[in-house]
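For the sequence shown, counting from 1, position 195 maps to 197 in the working numbering; every step adds exactly one.
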Amino acid sequence: MVGKVQTETTVGAVRIPALPADLKIFPMDKDVGFIENHDIAAIQKPFVDQLIGLDEQQRATGAMASLAEGGQKIRNLDTLGSPVFDALNNRAKALFMKVTGAKAAIVDDCWANVFRSGEYTMPHSHKRAVASVVYALESGDEDAWDRDPMNGLLTFVDPRLERCCIGRPGYVSTPFHPPKAVKNYMVIFPAHITHMVTPYVGTRPRISIAWNIGPTEVPGELRHDGGMR
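Shown next, in the form of structure tokens:
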């Protein structure tokens, strides 16, 4: 996807700026932070419904190799004709440029993760990007965290992050995740940081959108990270 960022994106009668006018980046650890996205969250339902329909179609063609695949992957999101995705994609690139100071934002890979009950993602990182961005599109069952406080959470598990190693530097004993109170966060972090998604148990699907972004195009074959091989 090209690196140009639009000033705003139109979704129906709503104009969505590249970044919120009251932008605040909430830090979680060094180079790991998130923003809130109330404007997009208010209009995203058609995109959620579209992804759920595509997820059902893909699952009907065959089962995944493992529950650890990270949910059903829906790719080529820029071909779906969704103005909501266009707004999200524009914001992810704008956030990358804001945080890194880069003059361009080239998306090397982008996909939706649709988690059904029992699915999760193994710890991994991304080799072909400077930063990774994740948007929490749909958190799943409203009582998911009442049943299990670690239900379906994007979690950082990297010994290079101080917050992961409060007991002893370099030893992961305190994994952390974005705050549950923020339903539609967009988090950005260095692509080399190890992260995972804990097992999700629920009836409604849990959906996230992920981007791997850099300031320039990466040569060579794209191999998707985080899957089972």
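Just so you know, even glycine gets a beta-carbon here, dropped at the ideal spot from N, CA and C.
Just how far apart, CA to CA, sit residue i and residue j?
i, j, result
"F98", "T63", "35 Å"
"A20", "I108", "15 Å"
"I27", "D33", "11 Å"
"H40", "E140", "13 Å"
"R170", "T81", "46 Å"
"P207", "M124", "18 Å"
"M198", "G103", "27 Å"
"K105", "R77", "26 Å"
"L156", "E38", "16 Å"
"D31", "S119", "30 Å"
"G288", "A94", "The first residue shown for the chain is 3 and the last is 231, placing residue 288 beyond what the model contains."
"D57", "L79", "13 Å"
"A23", "A65", "43 Å"
"G172", "T196", "13 Å"
"S148", "K75", "As written in the sequence, residue 148 is Asp, which differs from the Ser given in the question. Distance between the alpha carbons of D148 and K75 is about 27 Å."
Looking only at its own chain, which residues have a Cβ that is under 7 Å from the Cβ of residue i, when we skip the five neighbours before and after it?
i, result
"P181", "none"
"M230", "Reliability fails at M230, whose pLDDT of 42 lies under 50, so the model's placement of it is uncertain and the value that follows must be treated cautiously. Closer than 7 Å at the Cβ level, and outside the excluded window around M230, lie A67, S68, A70 and E71."
"S84", "F49 and Q52"
"D233", "Residue 233 cannot be examined here, being either before or after the span of the chain that is shown, 3 to 231."
"V16", "I45"
"A131", "D110, A193, N214, I215 and G216"
"V13", "I45, P85, V86 and A89"
Please go through the same chain and pick out, in chain order, the residues whose beta-carbon is closer than 6 Å to the beta-carbon of residue i, but skip the five residues on each side of it.
i, result
"G73", "N115, V116, F117 and E121"
"T11", "I18, D88, A89 and N92"
"A138", "N186, Y187 and S210"
"A96", "V7, A20 and L21"
"V189", "F36, V136 and P180"
"P29", "G35"
May I ask whether a heavy atom of the ligand COA can be found less than 8 Å away from the beta carbon of residue i?
i, result
"C112", "As presented, the structure is devoid of all ligands, the ligand COA included, so that no description of it is given."
Tell me whether the beta-carbon of residue i lies closer than 9 Å to the beta-carbon of residue j.
i, j, result
"V136", "S210", "yes"
"N153", "T200", "yes"
"V184", "D150", "no"
"W113", "A212", "yes"
"H179", "H128", "no"
"P192", "A133", "yes"
"V86", "Q46", "yes"
Spatial neighbours of residue i within its chain, please: CB distance less than 8 Å, with the 5 preceding and 5 following residues excluded, ordered by chain position.
i, result
"V174", "V159, D160, P161, C166 and C167"
"P221", "none"
"T9", "P19 and A20"
Looking only at DSSP bridge pairs, what is residue i linked to?
i, result
"I215", "V109 and A133"
"L156", "V199"
"G35", "P29 and I190"
Across the stretch 160-176 and the stretch 207-218, are there enough close Cβ pairs to call them in contact, namely three or more that are closer than 8 Å?
no
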